[in-house]
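> Take this structure first; my questions come after.
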Amino acid sequence: MTENAKTHVILLSCGSFNPITKGHIHMFEKAREYLHKTGRFIVIGGIISPVHDSYGKPGLVPSKHRLTMCQLAVQSSDWIRVDPWECYQQTWQTTCSVLEHHRDLMKRVTGCILSNVNTPSSTPVIGQPQNQAPPIYQNHNNVTNKPTAIKLLGKVSESLGKMCCARPSMDRFTFIDENANLGPAMRYEEIELRILLLCGSDLLESFCIPGLWKDSDMEVIVGDFGIVVVPRDGVDTERIMNHSSVLRKHTENIIVVKDDMNHPMSIVSSTKSRLALQHGDGHVVEYLNQPVIDYILQTQLYITASG
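Sequential numbering of the sequence shown, starting at 135, is according to my numbering.
Next up, the structure:
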């Protein structure tokens, strides 16, 4: 397939990231590698969206710490970014709402055809920060030739940096208000752009728990967006999908990353990391990036069983 014919993908991962581990980053890398190997996709960005404080999970540290740790974990990545939008809302947001927010935002700032659901969402919007950033995607050069996938990659990478990524040294996060006047946009109608939910097999398995997910949300997440699953601990994803009518119905929208090797990062978890920190286990260096460990020690997070 030509580059323009391939589906351009942004991988979005939602979760507690309490704390973010090497396993989380490995999940992004393995998903991108696999999608590229299929020859049908080009992954142009990754977004980490930590959950709101009101999620209520026991031992969940405040979002200001989780956001900073996520930023430290991806500070050397040129394609994975941290987005604070979910944490900045007044209350907890569903995964469906987070996907819709990013779909609507990317559609607005890129002008791309999004193959995801095209109906407007009711996702609440936070106001623009006081230090308002200049509009992006303005065509100052009056380019007349048709845009290419390479141009799109550059532009979207630029936008992800501006709207999703804020380094720990910054006092506040910056992102784009969906209602902001972004000026005349460069349009890329010939490029298909999709936002796919990236998850582990544990989240896929949670779809099978009665009453845990709203049926309407599952239909949107799997049917309209689609998911990329990175199996963990040798979980049989096919068996999981057979236990859910929604998953069976939308099998074509579920991409399972196949890996012949059992990579050690596939068994790393936030829970194991917290226990290692509490017990002073030196194996924590195998679970967390060093800047994240340094931040945890500096702030004394997770050192006690209470968090």
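A virtual CB, placed ideally from N, CA and C, is assigned to each residue, including glycine.
Do you know how far the Cα of T136 is from the Cα of Y189?
Rounded to the nearest angstrom, the two C-alpha atoms are 43 Å apart.
> Run the CB neighbour count on K164, radius 10 Å, all protein chains shown included, and call it buried at 16 or more, exposed below.
Result: buried.
> Nearest-angstrom Cα distance between E353 and G414?
Distance between the alpha carbons of E353 and G414 is about 43 Å.
> If we count the other Cβ atoms within 10 Å of its Cβ and call it buried at 16 or more, is G360 buried or exposed?
Buried, by the Cβ-count rule.
> Could you have a look at V418 and say whether DSSP puts it in helix, strand or coil?
Three-state result, V418: helix.
> CB-CB under 6 Å to M161, same chain, minus the five flanking residues each way: which ones, in chain order?
Excluding positions up to five away in sequence, the list reads V364.
> Would you give the residue range spanned by the beta strand (DSSP E) that V426 belongs to?
Not the beta strand (DSSP E): V426 falls in the alpha helix (DSSP H), residues Q424 to T433.
> Alpha carbons only, please: which of D336, S211, D367 and V232 is nearest the one belonging to N423?
Checked all of D336, S211, D367 and V232; the closest Cα to N423 is S211.
> Three Cβ pairs or more, each shorter than 8 Å: is that satisfied between the stretch 195-213 and the stretch 144-158?
Counting Cβ pairs under 8 Å, three or more are found: they touch.
> Measuring CB to CB, does I338 end up less than 9 Å from T385?
According to the sequence provided, residue 338 is Leu. The question's Ile does not apply to it. No.
> Taking the Cβ atom as the reference point for each residue, do R237 and I329 lie within a distance shorter than 9 Å?
Cβ atoms of R237 and I329: closer than 9 Å.
> Whole angstroms is fine: what's the gap from A139's alpha carbon to K171's?
Approximately 15 Å between the Cα atoms of the pair.
> By DSSP, does L316 sit in helix, in strand, or in coil?
Per-residue confidence for L316 stands at a pLDDT of 37, beneath the threshold of 50, marking its modelled position as unreliable; the derived number appears in the next sentence. Of the three classes helix, strand and coil, the one that applies to L316 here is coil, per DSSP.
> Quick check: the Cα distance between H377 and C342, rounded to an integer number of angstroms?
For H377 and C342, the distance between alpha carbons rounds to 6 Å.
> With DSSP as the reference, label I401 as helix, strand or coil.
If DSSP states are grouped into helix, strand and coil, I401 belongs with the helices.
> Going by Cα to Cα distance, which pick from K156, I178, K406 and S403 is closest to L146?
Taking only the C-alpha atoms, the option nearest L146 is I178.
> Does the beta-carbon distance from I182 to H142 come in below 9 Å?
Cβ atoms of I182 and H142: not closer than 9 Å.
> Suppose you measure from the CA of D305 to the CA of L331; what does that come to, to the nearest Å?
Residue placement at D305 is flagged as unreliable, the pLDDT there being 38, under the threshold of 50; the coordinate-derived value follows with that caveat. About 29 Å.
> Could you check where the beta strand (DSSP E) with C148 kicks off and where it finishes?
Looking at the DSSP string, the run of the beta strand (DSSP E) that includes C148 is T141 to G149.
> Do you know offhand how far G357's Cα is from D351's?
The straight-line gap from Cα to Cα measures roughly 10 Å.
> According to DSSP, is F92 helix, strand or coil?
There is simply no residue 92 to check, as the chain begins at 135 and stops at 441 in what is shown.
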